Amino acid sequence: MHVDLTDQYHHLDSRIHELDPRVKVLVAVAFILSNALLPDGSWIAFALSWLILLAANELSDLGLGFTLKRSLIALPFALVAVSAIFSPIGEPLTVWDLGFVKLIPTDAGLIRFLSIMLRSWLSVQMAILLVATTQFPDLIHALEHLHLPRTLTTIIAFLFRYLFVLSNEVFRVLRAREARSAGLPGVKSGGNLSWRIKTTGSMAGQLFTRSYERSDRIYQAMVSRGYTGHIRTLNPHKMVREDWLVLSAAAVIIVLIQLVGWIR
Amino acid sequence: MYAPVYLHIPDGFLTIFVSLIFWAITIIMVGLAVSKTNRTLGERQIPLMGVMAAFIFAAQMLNFPIAGGTSGHFLGGALAAIVLGPWAGILVMTSVVGVQALLFQDGGLLVMGANIFNMGILTAVIGFGFYRLVVGRKRILRLTVAGIGAWIATMAAALVTSLQLWLSGTTRLEIVLPAMLGVHALIGIGEALITVAALVYIEQTRPDLINPERTIEEGGKGWVVGGVLLALAAVLISPLASSNPDGLERVAENLGFLSSGVGPNYRFLPDYTIPFLGDTPLSTILAGIVGVLVVLVVIILVGRRLSKTEKV
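Below, the structure is given as structure tokens:
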């Protein structure tokens, strides 16, 4: 689990923040789609995509390097792609003899690896920018406008609402376990493996029953306030001229990037 | 708090075709889940599923040290499906994976279909399928099978993740598969033990939540077939693939699925191009558009079905 449990939204009054959330979702997804469509080794197109990203960062008033800071989150996954370097196609660059195995990096393999890393790096930054400039309830509302089933968006809204509450509960339970397992320095604390598993399982079970009972109370409270099965919002989200402008500009830019990537 | 979880694939690691295929499967399954739960559960169940999704999200933070700095942790798909029923379990896990990707960039957006399939649908179907097999039997048998189901579900998720990465030309199967299965054989044991321990606790404190009638009502015998078949497929493929990746590659090649290890490995549209246009950029882009259209059609068809059931 690699989550720093804070809301990722950064409140500012920039032009990006004020865009309709639908536009932001569509542009972010189109940008990620465009990265996936670009062929391996289209460095100029990747560079252009990065410039677009920088411009979006700047327009959002969060600062040029804002998304860069969090962008390394997907890095551990690079380990999986490393083996692409030793792809059997392409010209061998060199031979690394490790004794038990011979590794032969090839030029095509290296290009593939770098392209995968670039795509991932660019895409994750756009996703970071999307949630940094859009409040999560607005995001859910946008997904509803984009015809995600109501059942699903409502579940997600509840998940977001209680995520932080239940996470705090988890931290409390974990702290309690640690407090009970205190030991002297140098002396092994806590029980053996089966004790640990049983404790963790009981923690999960207890959290489950607590959550279950909490959801019952939430439901009762909501029904008494007029809940009929879906959540309403006071923010109607209307597309204005600026939204359409940004949407069409983004479409044109992405088509251009694709052209640059494919024509050489 | 940090532990590398190699099941959340980031954007960029799967080709567009693999992403779209798994989006299509995921949309169909989630669509079915939405319409089933709409029919069988009242509006009361929606807050329940939402809070349960938050529970799974939070419970994934529970970890326990095993040895040598590694720690076991929890995916929760099997537990969610056993306690809430398979369809509700799929919806809960879909929301969890979706929010992890949307809010915390834990997994990509374009590849979310694949992530939901691996961590949400596979684990729920296999976990519930195994439990459904022994529902109402002796306690010890039930718990053992639930544990085995949870372990196999984790392994299946790791296996399918490896296959997706390999089909995308991101990795060499003979490297990624033993690594993924090796790591997840351990993680799966943790998953199985926590699932069983949690079931024991829930049975003791709230026996009304997992009694046999309830489980049978939530999913029929068909789930046994589905879960066991998926598990069997995983069991059959993994030793074959890990001991003899060339063999699997040859099978894939013979089926026209894989063009002898070259770049992105797909043959759904031959060589990612429209045949009569030849190997030009235009043809590749058109092939991409065809793929997007197929997914759109799936979305519209599922959406129609949903809007019908939602109005009722």
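The listed protein sequences derive, respectively, from chains A and B.
Under the working numbering, think of the first position of the first sequence as 1, with each following residue one higher.
Under the working numbering, think of the first position of the second sequence as 1001, with each following residue one higher.
All C-beta atoms, glycine included, are put in the ideal place defined by N, C-alpha and C.
It should be emphasised that the depicted structure is a prediction, and the values quoted were computed from it without experimental measurement.
Length-filtered (4 minimum) alpha helix (DSSP H) runs lying within the stretch 31-98 of chain A:
43-59, 66-70, 78-81
Could you check whether the Cβ of LEU64 of chain A sits closer than 8 Å to any Cβ belonging to chain B?
Locating residue 64 of chain A in the first sequence gives position 64, where the first residue counts as 1. Chain B contact via Cβ: absent.
List in chain order: all unbroken alpha helix (DSSP H) runs of 4+ residues lying wholly within the stretch 1150-1232 of chain B.
1173-1205, 1212-1218
Compute the Euclidean distance between the alpha carbons of VAL1196 of chain B and LEU184 of chain A, then round it to the nearest angstrom.
In the second sequence, residue 1196 of chain B corresponds to position 196, counting from 1. In the first sequence, residue 184 of chain A corresponds to position 184, counting from 1. Distance between the alpha carbons of VAL1196 of chain B and LEU184 of chain A: 32 Å.
For TYR9 of chain A, which residues in the same chain have their Cβ closer than 6 Å to its Cβ, ignoring the five residues on either side in sequence?
For the purposes of this step, residue 9 of chain A is taken as the residue at position 9 of the first sequence. Cβ within range, chain order: GLN135.
In chain B, which residues lie less than 7 Å from ALA81 of chain A when you measure between Cβ atoms?
The residue labelled residue 81 of chain A in the question sits at position 81 within the first sequence. What ALA81 of chain A touches in chain B: PHE1013, THR1170, THR1171.
If you draw a straight line from the alpha carbon of ALA249 of chain A to that of LEU1084 of chain B, how long is it in whole angstroms?
Reading the first sequence from its first residue, position 249 is the one you call residue 249 of chain A. Reading the second sequence from its first residue, position 84 is the one you call residue 1084 of chain B. ALA249 of chain A and LEU1084 of chain B: Cα-Cα distance of roughly 46 Å.
Assumed close pair MET1180 of chain B, SER1168 of chain B - CB separation to whole angstroms, cut-off 8 Å:
Taking the second sequence and counting its residues from 1, one reaches residue 1180 of chain B at position 180. Taking the second sequence and counting its residues from 1, one reaches residue 1168 of chain B at position 168. Wrong, their Cβ atoms sit about 14 Å apart, outside the cutoff.
Using a cut-off of 9 Å between C-beta atoms, extract the partners of LEU207 of chain A located in chain B.
Start at 1 with the first residue of the first sequence, and residue 207 of chain A comes out as number 207. By Cβ distance, chain B contributes PHE1055, ALA1058, ALA1059, LEU1062, ALA1198.
Name the chain A residues that come within less than 8 Å of ILE1025 of chain B, Cβ to Cβ?
The residue labelled residue 1025 of chain B in the question sits at position 25 within the second sequence. Result: empty, since nearest Cβ-Cβ is about 16 Å, beyond 8 Å.
Collapsed DSSP secondary structure at THR153 of chain A in the structure displayed:
Position 153 of the first sequence, counted from the first residue, corresponds to residue 153 of chain A. Looking at THR153 of chain A - three-state DSSP - the assignment turns out to be helix.
To the nearest whole angstrom, what separates the beta carbons of ILE1210 of chain B and GLY205 of chain A, a pair I think is in contact under 8 Å?
The count along the second sequence starts at 1 and reaches residue 1210 of chain B at position 210. The count along the first sequence starts at 1 and reaches residue 205 of chain A at position 205. Not confirmed; about 11 Å, so no contact.
Tell me the residue span of the alpha helix (DSSP H) that contains VAL252 of chain A.
For this step, residue 252 of chain A is matched to residue 252 along the first sequence. 241-262 is the extent of the alpha helix (DSSP H) around VAL252 of chain A.
Interface partners of THR1037 of chain B on chain A, CB under 8 Å
Locating residue 1037 of chain B in the second sequence gives position 37, counting from the first residue. In chain order: THR151.
Neighbouring residues, chain B, relative to THR94 of chain A (Cβ below 9 Å):
As a first step, residue 94 of chain A is located in the first sequence; it is residue number 94 there, counting from the start. Result: empty, since nearest Cβ-Cβ is about 18 Å, beyond 9 Å.
Relative to the alpha-carbon of GLY1113 of chain B, which residue among B:ILE1027, B:GLY1136, B:ARG1172, B:LEU1122 has its alpha-carbon at the smallest distance?
The residue labelled residue 1113 of chain B in the question sits at position 113 within the second sequence. The option with the nearest alpha carbon to GLY1113 of chain B is B:ILE1027.
Does the beta carbon of LEU1143 of chain B come closer than 8 Å to any beta carbon on chain A?
Along the second sequence, read from residue 1 onward, the residue named residue 1143 of chain B stands at position 143. So no, LEU1143 of chain B is outside the interface.
Do ALA1124 of chain B and ALA1156 of chain B have their beta-carbon atoms positioned less than 8 Å apart in this structure?
Position 156 of the second sequence, counted from the first residue, corresponds to residue 1156 of chain B. Position 124 of the second sequence, counted from the first residue, corresponds to residue 1124 of chain B. Not a contact, by the Cβ cut-off of 8 Å.
Short CB-CB distance (under 8 Å) between ILE1016 of chain B and chain A:
In the second sequence, the residue the question calls residue 1016 of chain B occupies position 16. So yes, ILE1016 of chain B belongs to the interface.
Neighbouring residues, chain B, relative to GLU169 of chain A (Cβ below 8 Å):
In the first sequence, residue 169 of chain A corresponds to position 169, counting from 1. Residues of chain B passing the Cβ test: ALA1058.
With DSSP run on the structure shown, which of helix, strand or coil describes LEU1293 of chain B?
As a position in the second sequence, residue 1293 of chain B is number 293, starting the count at 1. It is helical.
Could you tell me the alpha carbon to alpha carbon distance between VAL1200 of chain B and THR200 of chain A, rounded to whole angstroms?
Counting from one through the second sequence, the residue named residue 1200 of chain B turns up at place 200. Counting from one through the first sequence, the residue named residue 200 of chain A turns up at place 200. Computed Cα separation, rounded: 12 Å.
Select from A:LEU38, A:PHE31, A:LEU207 the residue whose C-alpha is nearest the C-alpha of LEU53 of chain A.
Counted from its first residue, the first sequence places residue 53 of chain A at position 53. Of the listed residues, the one whose Cα sits closest to LEU53 of chain A is A:PHE31.
Near PRO92 of chain A, what residues of its chain come up, given a Cβ to Cβ distance below 6 Å and the 5 sequence neighbours on each side ignored?
Counting from one through the first sequence, the residue named residue 92 of chain A turns up at place 92. Within the same chain, PRO92 of chain A has close Cβ partners ILE104, THR106.
What are the residues that DSSP puts in a beta bridge with THR106 of chain A?
For this step, residue 106 of chain A is matched to residue 106 along the first sequence. Note: THR106 of chain A sits in a beta bridge opposite A:PRO92.
For a contact defined as C-beta to C-beta under 7 Å, what are the partners of TYR1201 of chain B on chain A?
Within the second sequence, numbered from 1, the residue matching residue 1201 of chain B stands at position 201. GLY201, SER202, GLY205, GLN206, listed in chain order.
In the DSSP assignment, find the alpha helix (DSSP H) that holds ASN1118 of chain B and state where it starts and stops.
By 1-based counting over the second sequence, the position of residue 1118 of chain B is 118. No alpha helix (DSSP H) holds ASN1118 of chain B; DSSP gives it neither H nor E.
Measure the C-alpha to C-alpha separation of ILE156 of chain A and VAL1134 of chain B and round it to an integer number of angstroms.
For the purposes of this step, residue 156 of chain A is taken as the residue at position 156 of the first sequence. For the purposes of this step, residue 1134 of chain B is taken as the residue at position 134 of the second sequence. Using only the alpha carbons, I get a separation of about 32 Å.
LEU259 of chain A versus SER49 of chain A - alpha carbon distance
By 1-based counting over the first sequence, the position of residue 259 of chain A is 259. By 1-based counting over the first sequence, the position of residue 49 of chain A is 49. Approximately 12 Å, taken between the alpha carbons.
Contacting positions in the stretch 1098-1130 of chain B - beta carbon closer than 8 Å to chain A
GLY1098, VAL1099, GLN1100, ALA1101, LEU1102, LEU1103, PHE1104, GLN1105, ASP1106, GLY1108, LEU1109, LEU1110
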